[in-house]
Every structure is written in C-alpha cells, then in structure tokens.
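Single-structure report; data block below.
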Amino acid sequence: MTTGPAKQAAEPAATAGSAATAGRLRLAMVSLNRKLRKDWPDDLTPSRLSALATVAAGAPLSVGELAKRMAVSTPTVSHIVDALDKLGLIDRLQDPNDRRVCRLTASEAGTELLEEVSRRTTGRLAERIHQLPPAQRSALEAALPALEALAAAPE
C-alpha cells in the first residue's frame, strides 16, 4: 500500500490518465452519436428522443416527473412535450386523481418511431462494428462491462 508523498505523486498521474481516457472516450462517443443520428427524422432532436424514450419506458409520467428524470427544468420539458405532441408521438391523459395534471404516454406512432430508430441505429452500429478488425471487435466486447458500469453509475 502506498502512503505519504509516494501516494500523493501517484494520484495526479492516475487522475491525468483517467482524464485523458475520459476525453478520448467523450470525443469518440460524440462523433459516433452524430453518425448514428443520420437516420433519425429531421424533427427528432436528441432531447425529444430522450423525452420520448423516457415516457415510453414506464408508467404515465407528469411533465414534472419527466423533467426530474431528464434533469432539466419543467419549462424546457414543456416545450419538448409540446413538440412531441404536435408530431403525434405522445398522448396526454388526464390524471384521474387530479384534473389539473396530465400524464404522458407514448402514442402508437411514438412507440413505432422508437422501435424504428432503435433498429436503424443498432443496424448501423452493427455494420460499423463488423468492419473493425477482429482484435478491435474483441477489445470492444471486452470493454462493454466497463462501459455499462459507467452508464449505470449514479450521478
């Protein structure tokens, strides 16, 4: 176990290595995400897709609950919800316990769109992975548990 000055000297090196890895990973993810979005409809922004996927993932949500899950303000979510509603991708249901509140669910069109986007982006990504050399495909498969842990880590 390293203690004292040796430990303090090792920490900045570990932090610098993690920061470099984080930077490379972030840039790769941003670039890859842009490429995968090419198959999305023009009016489906990342925030709209995120909201639609969040609504479709569970029980009907209020606008406030959706805002909390997306970690954005209620007025921001209200604009997103209005756009999704105009596109026919969500349904607004009146809350049976409080008529002032509406609950959001994915419409049939919204569910179909999510499935289509998932098929297209997964297919495009599978093609890109298939084009990698075998050693890089193996490295990517080996890295998946770490990437999944990063994605699942609490904020």
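Residue numbers are given in the UniProt record's numbering: position 105 of the sequence shown equals residue 105, and the series is strictly consecutive. Quick reminder that beta carbons are idealized off the backbone N, C-alpha and C, glycines included.
- [ ] Work out the CA separation of D82 and A57 for me, nearest whole Å.
- [x] Approximately 19 Å, taken between the alpha carbons.
Open item on the list: In whole angstroms, give me the CA-to-CA distance for S18 and E148.
Closed with: 17 Å
TODO: Report the three-state DSSP secondary structure of A106 (helix, strand or coil).
DONE: A106 falls in the strand class under three-state DSSP.
Task: Residue from L150, E108, G123 with nearest C-alpha to K35 - done: Check the Cα spacing between K35 and each of L150, E108, G123: the tightest is with G123.
Task: Continuous alpha helix (DSSP H) assignments of at least 4 residues falling wholly in the UniProt domain "HTH marR-type" (22 to 149) - done: Here the runs fully enclosed are 46 to 56, 63 to 70, 74 to 86, 108 to 131.
Task: DSSP-derived helix/strand/coil call for A151 - done: A151 falls in the helix class under three-state DSSP.
Open item on the list: Between D43, A22, R26, which has its C-alpha nearest G110's C-alpha?
Closed with: Selected option, being the one with the closest Cα: D43.
Task: Candidates P41, D39, L52: closest to T105 by CA position - done: L52
TODO: Using the Cα positions of R99 and E112, report the straight-line distance between them to the nearest angstrom.
DONE: 29 Å
Open item on the list: So, at 6 Å on beta carbons, what are the nonlocal neighbours of V77 in its own chain, with the 5 sequence-adjacent residues on each side left out?
Closed with: V63, L66, A67
Open item on the list: At the level of alpha carbons, what is the spacing between M29 and V101?
Closed with: 37 Å
Open item on the list: Would A126 pass as an interface residue toward chain C - the criterion being a Cβ-Cβ separation below 8 Å?
Closed with: This model lacks chain C altogether; it includes just one protein chain.
Task: Where S31 falls, given that 16 or more other Cβ within 10 Å makes a residue buried - done: The residue in question, S31, is exposed, as its Cβ has fewer than 16 Cβ neighbours within 10 Å.
TODO: Measure the CB-CB distance between L49 and V117 and report whether it falls below 8 Å.
DONE: Taking 8 Å as the Cβ cut-off, L49 and V117 qualify as a contacting pair.
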